[in-house]
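There are 2 protein chains.
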Amino acid sequence: MSVTVVGSIAYDAVKTPFGERERMLGGAATHFALAGSFFDEVRVVGPVGGDFTDEDFAVLRTRGTITDDVEVIPDGKTFFWAGEYGWDLNSRETLDTQLNVFEHFEPKLSEPARDCDVLFLANIQPTLQLDVLDQCHGPRWTALDSMNLWIDIARDDLVKVVERVDCLVLNDAEIRQLTNRPSVVRAARELLSWGPSAVVAKQGEYGAALITDEGFFALPAYPLERVIDPTGAGDTFAGGLAGYVAAHPGDPVNHELLTRAIAYGTALASYNVEEFGTERVARLTADEVSERVNDLAQMTSFSTVPLALRD
Amino acid sequence: MSVTVVGSIAYDAVKTPFGERERMLGGAATHFALAGSFFDEVRVVGPVGGDFTDEDFAVLRTRGTITDDVEVIPDGKTFFWAGEYGWDLNSRETLDTQLNVFEHFEPKLSEPARDCDVLFLANIQPTLQLDVLDQCHGPRWTALDSMNLWIDIARDDLVKVVERVDCLVLNDAEIRQLTNRPSVVRAARELLSWGPSAVVAKQGEYGAALITDEGFFALPAYPLERVIDPTGAGDTFAGGLAGYVAAHPGDPVNHELLTRAIAYGTALASYNVEEFGTERVARLTADEVSERVNDLAQMTSFSTVPLALRD
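Keeping their order, the protein sequence lines are chains A and V.
For the first sequence, the working numbering assigns the number 1 to the initial residue and increments by one for each residue that follows.
For the second sequence, the working numbering assigns the number 312 to the initial residue and increments by one for each residue that follows.
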């Protein structure tokens, strides 16, 4: 069993109120793999340029992630993104995006990558997501991420992918935009009617919610006194979520299993934001992950002692 | 035992994407009392004008709320607020604020109001909150709400009130602004060092969080497909929270009790936003409240089945 993730492998320049990095390893597939590899073997599919270093390949391979499907274009440059975060880290401005090797990327998955048990389509052009879906041999569980750009310029293609995956992992604004509905709960229920059996709403500092036909679940973000760099938090979360599903090959991927998967994704994402880029998760231990999952369970539980109210 | 609340009793004009009301009963003390009265006897302290109708007095008196401390100024006009909400109800614009009888309001509490077990200082001028605190005979538990205006123009007075109450009930932006700290968790811990033993962070559609020296707790808002009017949600929440404390006179108001209080506040607030103004909560039943508290417990729990992660 294994997880295949298709998405960006990038160099990021990030400035936050707490510091900056001029060039660090990033990208959705990178963050996803670092998290997902705690649960199962991950195969990363995506292009890099001749500038991609052996050191960064080594980080990608943390916990046995397989990079056979990372396409190296020797005379190309790796995808580059630069952004700056505001005071409370809830707003960010993109300063530069250089698609580079991503501009002409055509995914060609190896047989082992096509044979994956779990497939995660990170935020790339919907036509590429469709192409990857077509190449795979019927994964047990598939999920996708996307962004406002694709809803704006490639909505029809995106809807086609949505109709074919099991789970959407989108933020609240994307869920609202895709459905043109102001209520996230109502919007998510509409998305379920398009095909998926689960919608996971990413809510940044407020955590995440799950909407399925079986019900609703929400989990706050792990409370941190200091967030250094939110870049990649959503992809780390998705890596934990999809990894957890992959680690349970014999279980139905129902509401209850996804609540547990979200807890692991949340714990992993909380570590990701404690330092820049991949720095923290690259040296994270399994015990640290489990500890925060247990903390989250404790921080969200309350007892329902019956109380006679005045009527 | 009883709860005293000091705050606005108002007429509101509200426009949301789902309809509008040109003049309806509102105000922080009103919404607070409608919720708090499920738990204990509430006494409302605040001024109204000669225009305040008997019908609206009757709504204020729902579930036995005592209005002896509502000061009627026959030749004055009741506080008036007009606002309009944006598409997803997360933004709102104040169109008009007429202080009217509130402009020269000087709280004069009756003996029974001073003898309260629980005191809630709704969002009014901090010097008035201090004045009320001075009049009361040492309530067992006190909490306050405030707003950005007072942090801007009366911060020193507000800090004096903060130092003297047990609990702050503020939204995330106010918590950040009051401490000038970007992390709500870090900011709340700083506020605890000023005196209070609990900070409750109101997070709108994302629910609420609790920070005490004992730990952290967060609860999402009850998921609704349709929110009609968010006005008064925070005050309804506070009424449930403070009412729950009042309903447990023999128990220490510790972290665990406040987690339960937040659940009741959250359930009550979810009903408040289902219709305009006080319309829904005025006819709410105790069973309906308990039902959503139980739903919330179920919607936030997940099992922590141990899982061996790859390391």
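Ideal Cβ placement from N, Cα and C applies to all residues, glycine included.
Integer-rounded CB distance, given that residue j should sit under 8 Å from residue i
{"i": "Val118(A)", "j": "Val281(A)", "result": "Not really, about 19 Å apart at Cβ, beyond 8 Å."}
{"i": "Thr67(A)", "j": "Leu60(A)", "result": "5 Å"}
{"i": "Ile73(A)", "j": "Pro47(A)", "result": "6 Å"}
{"i": "Val313(A)", "j": "Ala242(A)", "result": "Absent from the model: residue 313(A). The displayed extent of chain A is 1 to 311, so no value can be given."}
{"i": "Ala247(A)", "j": "Phe39(A)", "result": "4 Å"}
{"i": "Thr270(V)", "j": "Gly394(V)", "result": "Because chain V here runs from 312 to 622, residue 270(V) falls outside it and cannot be looked at."}
{"i": "Ser581(V)", "j": "Tyr533(V)", "result": "3 Å"}
{"i": "Pro182(A)", "j": "Leu400(V)", "result": "7 Å"}
For residue j and residue i, the rounded distance between their alpha carbons
{"i": "Asp12(A)", "j": "Tyr264(A)", "result": "25 Å"}
{"i": "Leu258(A)", "j": "Glu474(V)", "result": "43 Å"}
{"i": "Lys419(V)", "j": "Val443(V)", "result": "8 Å"}
{"i": "Tyr85(A)", "j": "Pro17(A)", "result": "7 Å"}
{"i": "Glu288(A)", "j": "Leu268(A)", "result": "9 Å"}
{"i": "Val101(A)", "j": "Lys77(A)", "result": "6 Å"}
{"i": "Phe120(A)", "j": "Thr142(A)", "result": "6 Å"}
{"i": "Asn180(A)", "j": "Asn171(A)", "result": "14 Å"}
{"i": "Arg189(A)", "j": "Ala173(A)", "result": "15 Å"}
{"i": "Asn583(V)", "j": "Ala346(V)", "result": "9 Å"}
{"i": "Glu335(A)", "j": "Asp235(A)", "result": "Limits of chain A in this structure are 1 at one end and 311 at the other, which puts residue 335(A) out of reach."}
{"i": "Lys471(V)", "j": "Ser319(V)", "result": "21 Å"}
{"i": "Trp87(A)", "j": "Gly561(V)", "result": "43 Å"}
{"i": "Glu274(A)", "j": "Thr266(A)", "result": "13 Å"}
{"i": "Leu502(V)", "j": "Arg487(V)", "result": "10 Å"}
{"i": "Val604(V)", "j": "Phe57(A)", "result": "49 Å"}
{"i": "Ile462(V)", "j": "Asp468(V)", "result": "9 Å"}
{"i": "Cys167(A)", "j": "Leu144(A)", "result": "7 Å"}
{"i": "Val317(V)", "j": "Val6(A)", "result": "57 Å"}
{"i": "Asp51(A)", "j": "Ala28(A)", "result": "18 Å"}
{"i": "Val14(A)", "j": "Glu20(A)", "result": "5 Å"}
{"i": "Leu284(A)", "j": "Ala498(V)", "result": "27 Å"}
{"i": "Ser348(V)", "j": "Ala544(V)", "result": "16 Å"}
{"i": "Gly49(A)", "j": "Glu103(A)", "result": "12 Å"}
{"i": "His448(V)", "j": "Cys427(V)", "result": "8 Å"}
{"i": "Val45(A)", "j": "Asp134(A)", "result": "15 Å"}
{"i": "Asn123(A)", "j": "Asn434(V)", "result": "44 Å"}
{"i": "Ser193(A)", "j": "Thr341(V)", "result": "41 Å"}
{"i": "Ala308(A)", "j": "Ile573(V)", "result": "17 Å"}
{"i": "Lys202(A)", "j": "Phe548(V)", "result": "24 Å"}
beta-carbon residue i near the ligand HEM non-hydrogen atom, thresh 8 Å
{"i": "Leu25(A)", "result": "Annotation note on the ligand HEM: not contained in the displayed structure, which lists no ligands."}
CB of residue i within 9 Å of CB of residue j, strictly
{"i": "Ala509(V)", "j": "Ala519(V)", "result": "no"}
{"i": "Ile228(A)", "j": "Phe276(A)", "result": "yes"}
{"i": "Val476(V)", "j": "Pro507(V)", "result": "yes"}
{"i": "Ile211(A)", "j": "Val185(A)", "result": "yes"}
{"i": "Arg374(V)", "j": "Arg260(A)", "result": "no"}
{"i": "Glu41(A)", "j": "Met1(A)", "result": "yes"}
{"i": "Gly26(A)", "j": "Thr231(A)", "result": "yes"}
{"i": "Asp69(A)", "j": "Arg43(A)", "result": "yes"}
{"i": "Phe343(V)", "j": "Gly550(V)", "result": "yes"}
{"i": "Ser146(A)", "j": "Pro617(V)", "result": "no"}
{"i": "Arg425(V)", "j": "Val564(V)", "result": "no"}
{"i": "Leu99(A)", "j": "Pro220(A)", "result": "no"}
{"i": "His566(V)", "j": "Glu536(V)", "result": "no"}
{"i": "Leu130(A)", "j": "Glu106(A)", "result": "no"}
{"i": "Met24(A)", "j": "Thr278(A)", "result": "yes"}
Listed from N- to C-terminal order along the chain, which residues in the segment 515–540 of chain V have their beta-carbon within a distance smaller than 8 Å of any beta-carbon of chain A? Glu516, Tyr517, Gly518, Ala520, Ile522, Gly526, Phe527, Phe528, Ala529, Leu530, Pro531, Pro534, Leu535, Glu536, Arg537, Val538
Quick one, which residues of the segment 380–403 of chain V are near chain A if we go by CB-CB under 7 Å, in chain order? Listed by position along the chain: Trp398, Asp399, Leu400.
The segment 269–286 of chain A: which residues have C-beta closer than 9 Å to a C-beta of chain V, in chain order? Going along the segment 269–286 of chain A in chain order, one finds Thr285, Ala286 with a Cβ nearer than 9 Å to chain V.
May I ask you to list, following chain order, the residues of the segment 542–560 of chain V that have a beta carbon less than 7 Å from some beta carbon of chain A? Ala558
Enumerated in chain order, which unbroken segments of the beta strand (DSSP E) with a length of 3 residues or greater are wholly contained in the segment 213–260 of chain A? 215–219
Residues of the segment 328–361 of chain V in Cβ contact with chain A at a cutoff of 9 Å, in chain order, please. Of all residues in the segment 328–361 of chain V, Pro328, Ser348, Phe349, Phe350, Asp351, Glu352 have a Cβ within less than 9 Å of some Cβ in chain A.
Runs of beta strand (DSSP E) wholly within the segment 137–186 of chain A (minimum 3 residues, chain order): 141–144, 167–171
Output needed in chain order: residues of the segment 565–578 of chain V with a Cβ under 7 Å from some Cβ in chain A. Thr570, Arg571, Ala574
Can you list, in chain order, the residues of the segment 293–304 of chain A whose Cβ is nearer than 7 Å to any Cβ on chain V? Val293, Asn294, Ala297, Met299, Thr300, Ser301, Phe302, Ser303, Thr304
Taking a Cβ distance cut-off of 8 Å, strictly less, list which residues of the segment 485–503 of chain V are near chain A, in chain order. Arg487, Pro493, Ser494, Val495, Val496, Arg497, Arg500
At 4 residues or longer, and completely inside the segment 327–385 of chain V: list those alpha helix (DSSP H) runs for me, N to C. 339–347, 365–371
Proximal residues, the segment 442–468 of chain V versus chain A, C-beta separation under 9 Å: Taking 9 Å as the Cβ-Cβ cut-off against chain A, none of the residues of the segment 442–468 of chain V qualify.
Fully enclosed by the segment 383–413 of chain V, which beta strand (DSSP E) runs are 3 residues long or longer? 390–396, 403–409
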